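Heads up, the sequence shown is in the UniProt record's numbering, so the first residue is 1 and it goes up one at a time.
All C-beta atoms, glycine included, are put in the ideal place defined by N, C-alpha and C.
Model, not experiment: these values are computed from the prediction.
Single-structure report; data block below.
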Amino acid sequence: MAFVTANWNPLGENFYRKIELYEMGWNLKDGLRDCLIAAAPYGGPIALLREPQRRSPSARPQLEIYSASGGALGSFPWKSGVVKQLGWTVCDDLLCVQEDGTVLVYDLFGSFKRHFSMGNEVGQSQVVEAKVFHSPYGTGVAIVTGASRFTLATNIDDLKLRRLPEVPGLQGVPSCWAVLTQDRQCKVLVANGAEIFILDYGTCTAVSPPGLSPQATSIVHMCVSFSYKYLALFTDSGHVWMGSSNLREKLSEVEIKVRNPPRQMAWCRRPRSQQPSVVIMWDRYLLVVGVCKDTIPYHLDDDSVLVPELDGVRIVNGTNHELLQEVPAACEEIFKIASMAPGALLLEAHKEYEKESQKADEYLREIKEQDLLSEAVRQCVEAAGHEHEPETQKTLLRAASFGKCFLSNFPAEPFVSMCRDLRVLNAVRDYTVGIPLTHTQFKQMTVQVLTDRLVYRKLYPLAIEICRYLKTPEYQGVSRVLKHWACCKVQQKEEADEVIAKTVSLKLGDAAGISYSEIANKAYECGRTELAIKLLEFEPRSGEQVPLLLRMKRSQLALSKAIESGDTDLVYTVVTYLKNEMNRGDFFMTLRNQPVALSLYRQFCKHQEQETLKDLFNQDDDHQELGNFYVKASYKEKRLEARMSLLQSAVDEYSKAKNEFAAKATEEEMRLLRFQRKLEEEKGECVTGFSLHDTLSTLLALGLHKQAEQLYKDFRVPDKRYWWLKLTALADKSDWEELEKFAKSKKSPIGYMPFVEVCVKRNNKFEAKKYVLKVTPEQKVKAHLAVGDLEGAADAAIERRNEGEIITVLSHCSPATDRTLVERLNRAKATATKK
């Protein structure tokens with residue numbers, strides 16, 4: 001395939017090739033003359049500003065944005081200030097740096113996004129030169145002013161301006177300068193004479209490039225490699241110095257005949273290459289310089305611009321777009337004339353096989369004898385990735401497939417992966433798409449970034465097809481693309497809300513990982529509130545719906561959605577928002593229409609805002625709950641007057657609610673409080689706030705029987721309760737005399753067994769025996785046993801002829817000591833059993 005090497009040129013031990021990517025689709029009358037131009041790396045878009053210095057309002061400069069194939073993406077007249085530099089961000093936004101230090105940001109289609117300033121002091125001395133660069137932090141901007149001062153911003157998305165130190169002896173604008181990113185730090189290299197000054201955030205260091213020709217008195221141009229590892233310098237003596245960017249190591253120095261300062265310089269070193277090479281461009285003349293004294297000259301037909309890439313240099317002019325690069329090792333091995341590399345032999349073997357020639361077997365035998373068939377297949381697969389012509393790719397892949405047939409252990413993944421990659425690359429390289437990525441660039445940028453680029457260009461069908469073809473996980477691939485499409489769709493103002501909402505729901509369906517709330521938010525930001533509400537209907541997660549509805553001031557709908565979700569925290573969030581946004585009356589009326597929200601808010605108020613709870617009950621004329629509220633509030637008051645006032649309010653509310661029981665109970669509470677107050681004043685005993693039961697217990701314990709009797713009568717305490725209370729209180733005090741009087745005062749409503757029990761409990765069986773005779777016949781056995789009177793218990797049990805009671809007494813007897821009693825009980829038991 002000699003035609004493959006037709007555009008190869010040797011330089012030292014390597015070859016360089018210039019591949020035509022596109023015939024440009026734009027129609028530029030004067031080419032790139034008088035144009036400010038910026039092309040994004042990785043086959044990105046190109047921006048042109050025609051006649052940037054023209055300031056006449058009647059004929060404003062035109063800013064145009066094209067794909068790498070010259071397809072128009074956007075265009076608009078430039079109405080702002082004088083532009084000094086154009087550049088592209090890592091996510092394909094266009095930066096326009098003006099001479100007053102303002103940087104305007106536009107999207108891929110020329111829509112204005114935002115602006116920022118490079119500092120107030122810039123406006124006085126004005127920007128003379130600017131550079132847009134990419135760093136590990138993102139996209140950066142560096143400027144130099146008329147006062148020879150440099151300002152640096154390493155990341156425009158997190159703007160922190162750094163003013164760099166002055167360069168000693170620098171008058172006006174330096175002859176050349178560049179931005180260098182090393183060790184996650186951004187520095188500026190400035191040439192002044194034959195010295196280079198490295199400007200860091202706080203230091204300015206002068207360095208002489210090692211081995212620089214003594215004939216050189218001034219460095220007139222410099223460029224940093226795409227990876228920031230290497231630096232090239234062009235001197236006034238016509239020497240090109242190449243070395244490490246830290247200026248510690250010299251790689252090469254070549255003297256060329258031309259001494260005029262070049263228009264542009266760019267490194268042309270592919271990854272892992274051993275040969276440094278730089279492309280230098282003057283007016284319509286290009287020179288590739290390497291380590292040796294040989295150079296490769298190219299004559300250009302038109303004004304051109306160089307675009308540095310990871311593995312080469314793109315050359316753009318008014319009619320063509322080309323890629324100049326070092327020929328990859330695998331391609332060189334296979335296509336170099338008279339090559340005996342395994343890949344070259346395998347390619348020949350496949351050609352002969354297709355011709356049905358026996359030479360195919362001879363070539364294969366030669367490869368297999370050297371045990372290099374695996375290497376031959378690998379070379380063909382790798383070379384296919386570096387070729388731009390689909391026919392050449394197919395030829396190499398067919399040869400690799402042919403070679404694989406004779407291998408039992410060659411892994412299929414590299415071959416399959418390369419076929420997929422090339423199919424994707426050929427699709428995006430197509431003229432209508434215009435992204436001329438190489439395989440090396442594609443692997444560096446990743447599929448996800450490529451998908452993003454297609455999405456930014458609104459090439460949604462292609463992005464979806466690539467995601468499906470590469471089997472990208474749905475949430476990273478198809479779903480993400482569809483979300484971007486939907487966000488773009490909602491901005492189309494010519495279509496009705498109903499139509500857009502229906503289209504979006506049909507297209508997205510239940511695609512994994514898509515949040516309709518994000519799309520609705522985009523619609524709201526575009527001023528389409530009704531469309532946003534319609535889109536939110538498709539959002540299954542209420543937690544995502546509610547915040548946006550609140551932002552849109554659709555609080556009633558937000559509240560309904562929160563209640564439907566069953567998430568109490570979400571309901572509380574909406575209620576709190578409503579409370580802060582509405583006046584009190586409207587807020588309460590809104591809650592009245594939502595019983596669930598009202599109930600939850602009441603629960604909240606019970607713990608946090610008691611006064612608000614009272615207002616809620618007032619609003620609803622809920623007298624019962626108001627009464628309850630006043631009663632609860634009364635318990636928190638320490639002053640009796642305040643407590644009585646609240647209880648009176650409760651009585652009034654209960655009366656309005658026609659709850660006679662509650663009203664009467666509250667009145668009795670007030671009466672008890674008055675009694676307690678009086679008792680406190682008369683006896684000095686603090687019982688205020690005690691319950692009726694506790695008050696009685698306290699009075700009896702203190703021996704205030706007269707007051708206890710009065711309380712018992714006034715509040716109609718049940719006889720049984722009062723007798724129990726007094727019985728317990730007297731027993732606790734061991735006031736046996738008073739207890740006996742109390743027992744004789746009248747017939748006990750609780751019987752006399754409790755008297756026996758309290759005496760026994762306090763270890764006074766003597767007193768207990770006084771009440772045994774008064775207990776009922778049914779309790780006599782129990783009473784006698786309680787005081788330890790076995791004879792009496794036996795007599796009572798035998799008298800009642802109750803077998804159960806007889807057995808109970810027997811269980812308390814000892815056979816040894818109570819033999820006579822046991823025999824007697826056993827006889828009674830036998831008689832009771834016969835009966």
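Tell me which same chain residues have a C-beta within less than 6 Å of the C-beta of residue i, skipping the five on either side of it?
| i | result |
| --- | --- |
| Gly71 | Gly25 and Gly434 |
| residue 845 | No information on residue 845 is available, as it lies outside the stretch 1 to 835 that the chain covers here. |
| Tyr201 | Arg162 |
| Tyr137 | Thr154 and Asn155 |
| Leu810 | Leu825 |
| Phe402 | His350 |
| Thr5 | Phe335 |
| Glu805 | Val781 and Ala797 |
| Ile219 | Ala191, Leu233 and Thr235 |
| Glu387 | Gln393 |
| Trp241 | Pro209, Leu212, Leu233 and Glu253 |
Residue i and residue j look like a contact to me (Cβ under 8 Å); what is the Cβ gap, rounded to whole Å?
| i | j | result |
| --- | --- | --- |
| Leu36 | Leu86 | 6 Å |
| Ala153 | Val224 | So it is not a contact: roughly 18 Å between Cβ atoms. |
| Leu300 | Val313 | Contact flag wrong, Cβ pair sits at about 13 Å. |
| Thr808 | Val781 | 6 Å |
| Phe112 | Val327 | About 43 Å separates the two Cβ atoms, so there is no contact after all. |
| Val504 | Ala486 | 5 Å |
| Ala59 | Ala47 | Wrong, their Cβ atoms sit about 20 Å apart, outside the cutoff. |
| His321 | Pro261 | That belief does not hold up - the Cβ atoms of His321 and Pro261 are roughly 26 Å apart, past 8 Å. |
| Asn764 | Trp736 | 7 Å |
| Leu345 | Glu366 | 6 Å |
| Gln182 | Ser245 | 7 Å |
| Pro436 | Leu21 | 4 Å |
| Ser69 | Pro45 | Ser69 to Pro45, Cβ: 10 Å. No contact. |
| Asp303 | Gly31 | 5 Å |
| Ala341 | Gln370 | Not a contact, Cβ separation roughly 11 Å. |
To which residues of the same chain is residue i closer than 7 Å at the C-beta, ignoring the five residues directly before and after it?
| i | result |
| --- | --- |
| Ala662 | Gly627 and Tyr654 |
| Ala40 | Trp88 and Asp92 |
| Glu738 | Leu730 |
| Phe226 | Trp267, Pro308, Glu309 and Leu310 |
| Leu306 | Gln264, Ala266, Val279, Met281, Val313 and Ile315 |
| Ser277 | Leu11, Cys268, Arg269, Val288, Val289, Gly290 and Glu326 |
Residues bridged to residue i by DSSP?
| i | result |
| --- | --- |
| Met445 | In DSSP, Met445 forms no bridge with anything. |
| residue 839 | Given a span of 1 to 835 for the chain in the structure shown, any question on residue 839 remains unanswerable. |
| Asn9 | Tyr16 |
| Tyr285 | Trp282 and His299 |
| Lys774 | Lys774 is not bridged to any residue. |
| Met670 | Answer is none; Met670 lacks a bridge partner. |
| residue 839 | Since the first and last residues shown for the chain are 1 and 835, residue 839 lies out of range. |
| Gly140 | Phe133 |
| Phe415 | According to DSSP, Phe415 bridges with nothing at all. |
| residue 898 | As shown, the chain starts at 1 and ends at 835. That puts residue 898 outside it, with no answer to give. |
| Leu36 | Leu49 |
| Gln264 | Met281 |
| Arg162 | Leu152 |
| Gly243 | Leu231 and Lys250 |
| Lys782 | Bridge partners of Lys782: none, in fact. |
| Trp177 | Val190 |
| Tyr22 | His321 |
Among residues of its own chain, excluding the 5 on either side of residue i, which ones have a beta-carbon nearer than 8 Å to its beta-carbon?
| i | result |
| --- | --- |
| Thr295 | Leu11, Val254, Ile256, Leu287, Val288 and Val289 |
| Leu407 | Leu373, Ser374 and Val377 |
| Asp452 | Cys91 |
On the criterion of 16 or more Cβ atoms from any shown chain inside 10 Å, does residue i qualify as buried, or is it exposed?
| i | result |
| --- | --- |
| Lys79 | exposed |
| Lys489 | buried |
| Asn521 | buried |
| Lys84 | buried |
| Gly211 | exposed |
| Glu767 | buried |
| Glu332 | buried |
| His475 | What sits at residue 475 in the sequence shown is Tyr, not His. Exposed is the call here. |
Taking only runs that begin and end inside the stretch 310-386, name each unbroken beta strand (DSSP E) of 3 or more residues, in chain order. 312-317 and 320-326
Contained beta strand (DSSP E) runs [length at least 3] in the stretch 57-100, N- to C-terminal order: 62-66, 72-77, 83-88 and 94-98
What are the uninterrupted segments assigned as alpha helix (DSSP H) that are 4 or more residues long and contained completely in the stretch 208-240, given in chain order? none
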